[in-house]
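These notes are about the structure you will find just below.
Protein chains: 2
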Amino acid sequence: MSTSSWQDIAKQKRDSIFAAIPSDWKIQDPPSVSSQPDVTTYIEQFLSKEELYITASSADQIASRVGSGEWTAETVTRAFCHRAALAHQLLHCLHEIFFDAAIEDAKALDKYFAEHKRTKGLLHGVPISLKDQFHVKGVETSMGYVGWIGTFEGKKGTGKEKVYESEMVTTLRNAGAVLYCKTSVPHTLMSGETVNNIIGYTLNPKNRRLTAGGSSGGEGALIGIRGSPLGLGTDIGGSIRIPAAFNGLYGLRPSTGRLPYHGMANSMDGQNSILSVVGPLATNAASLRLITQAFLDQKPWLVDPMVHEIPWRYEHENSINENIHDGRGMEKRGGKLSFGVLKIDGVVNPMPPVRRAVETLVAALEKAGHEVIEWTPPSHKTLTDAGFKSWIFDAGNDVKGAFALSGEPMADQVKFYETLDTEFKASEIAATNVELRTLKKEHMDYWNSTKDKTSTGRPVDGVICPLAPFPAARPGKYTYYGYSTWVNVLDYTSVVVPVTNVDKAVDVRDEGYEALSDQDKQIQGDYDPEVYDGSHVSLQIVGRRLQEEKMLAVAEYVEKLLSKQ
Amino acid sequence: MSTSSWQDIAKQKRDSIFAAIPSDWKIQDPPSVSSQPDVTTYIEQFLSKEELYITASSADQIASRVGSGEWTAETVTRAFCHRAALAHQLLHCLHEIFFDAAIEDAKALDKYFAEHKRTKGLLHGVPISLKDQFHVKGVETSMGYVGWIGTFEGKKGTGKEKVYESEMVTTLRNAGAVLYCKTSVPHTLMSGETVNNIIGYTLNPKNRRLTAGGSSGGEGALIGIRGSPLGLGTDIGGSIRIPAAFNGLYGLRPSTGRLPYHGMANSMDGQNSILSVVGPLATNAASLRLITQAFLDQKPWLVDPMVHEIPWRYEHENSINENIHDGRGMEKRGGKLSFGVLKIDGVVNPMPPVRRAVETLVAALEKAGHEVIEWTPPSHKTLTDAGFKSWIFDAGNDVKGAFALSGEPMADQVKFYETLDTEFKASEIAATNVELRTLKKEHMDYWNSTKDKTSTGRPVDGVICPLAPFPAARPGKYTYYGYSTWVNVLDYTSVVVPVTNVDKAVDVRDEGYEALSDQDKQIQGDYDPEVYDGSHVSLQIVGRRLQEEKMLAVAEYVEKLLSKQ
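Chains as they are written, first to last, in full-length UniProt numbering: chain A, 1 to 565; chain B, 1 to 565.
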């Protein structure tokens, strides 16, 4: 056994991913970032008309067309494999490619459909991309660590290598999904940018001068360029919502215990004060709903001990829908919806285009007859400071151990782990847990109290809020997580909705801005209309804990509302 | 400010509890334990015919009679106050007495009923006793610690002293319950016997040579002697089920996140690997159902951030009830129920009367047409060893701090904390959490696998199991917790049902018994038919996580079934 350098191992892996791309899908001379920052249209030249049509479809449309027999799973799968292969060459967004297995699976689904005259499940024939934390048979999970290559979660000879599948993967297969690739993550998973020593830096397809986000950055980039219609990421501090937002996608961060996480690779596994959750990213809200239903239909509480037995609740989504007036003669049974709006969290002010997105969404809701009130919760700084502790309980020992396996260096984005040396002890963790519980209660009471401020007789139905101070971060400049992490600390449900795009003519620099702090000053300074022009600008709408049905209904409504403008 | 010894402070508190008993309710010459081991009938001489009738009623009967106007809340409250006062003198089971406030509350409820012609809630006029972890205005919470007297959870000047109420208490008041006393606990809460330096040792009313159990031992003793119809305890390792079982009561250990715990005092608060849960003890199963419904009707998920939004599920209890054939002409819509039976956990064998109780219950179920199969799960020893770690994460620092406040000594029952000195660090806690999750999954898969062994097409509906190797422990001899703690480790739902009483003529010593281990040998040796004669013998029936409705339906059914024998 030869001892290879981490550089050699990383290169070998990088090359093997590239080698899995069929040669006639290779881009001969990919354009430089500066010559072609936006590749969302550029990519189309390599695709057939049929491929373009298929890959422009949303997951719910695909499910419907395959389910009606209009398309075969195989055709759909081949189209997305092709587009994903192109995407990787432009964006560095894939960790594993298994197109051949996917096409075999698709053929089997088509055979099933032909024989049984019905679909295998709600996701029959829908290609679904997976963040590289999901274990899928036939391929490995590096999670961006060079030291994990050729192992199972860093360990050799477990017998699970390339055989074991996460419960989520089994669930997806049972629902008829076609799995074909795994997408890039930042090593450690603890960054809003996606960078590792294997595939490099994942770029934003709409604006390659910016990050695709993280930690589900490969998902964001791939779905953003329509190399996948629907994918799964995870979120412990914003990692689903950040890439969804930065790529103009819809994303759901469910609360802990709604969807099965069992058997996934993770960082700092066993830290159970603030848990990572799994959730979908897609090109429309209906697809988020579809996959969430597909999971719940399979009673995941019988295969994952951390999942609560809460089936899909139609009455919950109806409680939102009955307050929506679409002007098509639907009887007005309810009244209106009521939202809180958090424009600034008291620490860092969002950049001008994000502020405009908030105004845009608020105006659209108000115009449609809904109510928006100021959201003035207890201190967000206290909340995010308390939450941050849970991410450094082990002083980075887990991630340091993963780096040590190969000797590879940490990316600058996660170098803060190097500054840590003392683990929290049990009594300090317990004190943190009590603090977190107290803060949750405080914010719960605040949410309840909004009943007195709305005209609906209910507390607000959701809170409109940026999920980052920027439309997307410039490389190396993702320095503030407060807008996303408060949701994780409180374990709230959150949906991301795209709202607008940066327009350099409108979203000018806020000259004379008086910064709240050095951090705020730096972030405001990072805004450059020329660099940001055209980028997606998205927001999150936050619901109470375990309110997935309601927030998905809100997301679907907001999607329709904004598309009318 | 004088510095009093812990002995003085404890005596002052002990005397003040006694002083709160009206003088004409005092027992002039309480009998010794040896002269009167069973005081359940003895107590009746001090009560009027009406008081006897009222206090013989179950909580659901009381709710029904007060709700129909047959009884007033005040009459009921006075009767239970009287009986509770007598109970304390015989058993040492109360930490706080607030009869005057209770009678005022009862009068207000009667006034409400007279005015509105309806009850305030499902528990209107039902006296409910509370373990001394609940904060109730007007009285303090010592939790058995001398050092907590005159403080709020050991701290002075918090402004919460005698004012703050736990969310659970608010919920109970909203449902119309009458609160009148708080019951004894072992200091630290971590014992199956109830002993502390304030009120001493809580005795078992049916057999004062034995413990009333712990840590909700005061509840067990008080309800056991009918000084309360219904009470609330907590359970992190068996603390509801042990006293319920030892006193011939019904008890529910719900899963984490079903009932609100917010704002209760606790030991090692913030340890969140295995959580303490709150749950009821009562004289019949219907009362457990009543109070569980009363809580869920109030949407506790809106006041406690740890509670999952799972309302009472009628379809769940119906799924049990439709398989019950009561011979009263009910249509047989389902089939039969199927149970696993765990007779011995592989570590310690239950004493002869407990083994007979298992046989009795199994025979009754089989006779009624149900199925009972052997339950052969993965190792219980592995499970309980892993679970035990979470109770010593902080090396006892929390409880040591509480003892240090006054300088009082630890009771022998919890002295093991003195042997601990090194806290777990974050990475060790994380590893424990991963181990616990893996074990949960393993047992979940085992439960699922029983589908292939039953004739119902379903996995077993519950698991019949001892919850301790003894009917009750003799003082100082509660040395094995494995039968109760496995349920906490897996976060399963469990109900306790009384099955029989020790009969010294039948439950003879198992002479020639070959012990599994020294611990087993010691426990078998502790069995003495003369000492145990007449004691309650109970079992638990364990359901999957968050299956409160189903297990309550099972408990109600088993109650009827056994009463027919």
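Where a beta carbon is used, it is the ideal one built from N, C-alpha and C, also for glycine. Computed from a predicted structure; not experimentally measured.
- With a threshold of 16 other beta carbon atoms within 10 Å, G257 (chain A) meets it and is buried.
- Per DSSP, E374 (chain A) is one residue of the beta strand (DSSP E) stretching across E371 to E374.
- If you compare the alpha carbons of B:H262, B:G218 and B:R226 with that of I242 (chain B), the shortest gap goes to B:G218.
- The alpha helix (DSSP H) runs of length 4 or more contained entirely in the stretch 426-488 of chain A are, from start to end of the chain, 426-449.
- A residue is called buried once 16 or more other Cβ atoms fall within 10 Å of its Cβ, and H380 (chain A) is buried on that count.
- Contact residues of the stretch 256-278 of chain A toward chain B are G257, H262, G263, M268, D269, G270, Q271, N272 and S273 (C-beta to C-beta distance below 9 Å).
- Taking every protein chain shown into account, the CB of P260 (chain B) has 16 or more other CB atoms within 10 angstroms, so this residue is buried.
- Chain-ordered, the chain A residues with CB closer than 8 Å to the CB of V434 (chain B) read D269 and G270.
- The C-beta of K117 (chain A) has fewer than 16 other C-beta atoms within 10 Å across all chains shown, which makes the residue exposed.
- In the DSSP assignment, T256 (chain A) falls outside any beta strand (DSSP E), carrying neither H nor E.
- Take the alpha-carbon of D491 (chain A) and the one of N433 (chain B): they are about 19 Å apart.
- When C-beta atoms of the stretch 292-312 of chain B are compared with those of the stretch 533-543 of chain B, fewer than three pairs fall below 8 Å, so the two segments do not count as touching.
- By the criterion of at least three beta-carbon pairs nearer than 8 Å, the stretch 96-107 of chain A is in contact with the stretch 127-144 of chain A.
- Judged by their CB atoms, T234 (chain A) and V169 (chain A) are not nearer to each other than the 8 Å cut-off.
- Per DSSP, the unbroken beta strand (DSSP E) holding E96 (chain B) starts and ends at L94 to I97.
- For P529 (chain B), the enclosing alpha helix (DSSP H) has its first and last residue at P529 to Y532.
- Following the DSSP letters along the chain, one finds F424 (chain A) in no beta strand (DSSP E), marked with neither H nor E.
- Here the alpha carbon of W447 (chain A) sits roughly 10 Å from the alpha carbon of K441 (chain A).
- With contacts defined as CB atoms closer than 8 Å, K560 (chain A) and H316 (chain A) fail to qualify as a contacting pair.
- Here DSSP, grouped into helix, strand and coil, assigns T3 (chain B) to coil.
- Around the beta carbon of Y314 (chain B), fewer than 16 other beta carbons sit within 10 angstroms, so the residue counts as exposed.
- Counted as a single uninterrupted DSSP element, the alpha helix (DSSP H) harbouring F388 (chain A) occupies residues H380 to W391.
- Here the alpha carbons of A555 (chain A) and M444 (chain A) stand approximately 22 Å from one another.
- A212 (chain A) carries a coil assignment under DSSP once its states are collapsed to helix, strand and coil.
- In this structure S166 (chain B) is not in contact with H124 (chain B), their Cβ atoms being roughly 20 Å apart against a cut-off of 8 Å.
- Closest option to P37 (chain B), judged by alpha-carbon separation, among B:L405, B:G227 and B:L210: B:L210.
- Note on G512 (chain B): under 16 other CB atoms within 10 angstroms of its CB, so exposed under the neighbour-count rule.
- Ranked by how close their Cα comes to the Cα of N321 (chain B), the residues B:S34, B:L296 and B:A553 have B:A553 in first place.
- Not a single CB atom of chain B sits nearer than 8 Å to the CB of S517 (chain A).
- Setting aside the 5 residues that flank it on each side, W486 (chain B) is surrounded in the same chain by H380, L383 and T384, each with a C-beta closer than 7 Å to its C-beta; the list follows chain order.
- Listed along chain A, the residues sitting closer than 8 Å to I310 (chain B) by beta-carbon distance are H308, E309 and I310.
- Here the C-alpha atom of L290 (chain A) lies approximately 7 Å from the C-alpha atom of L122 (chain A).
- Straight through space, the alpha carbons of F295 (chain B) and L52 (chain B) are spaced by roughly 29 Å.
- Taking the beta carbon of F424 (chain B) as reference, the chain A residues within 8 Å of it are K425 and A426, listed in sequence order.
- Collapsing the DSSP output to three states places L203 (chain A) in a strand.
- Annotated as distal: I344 (chain A) and V463 (chain A), with beta-carbon spacing of 8 Å or more.
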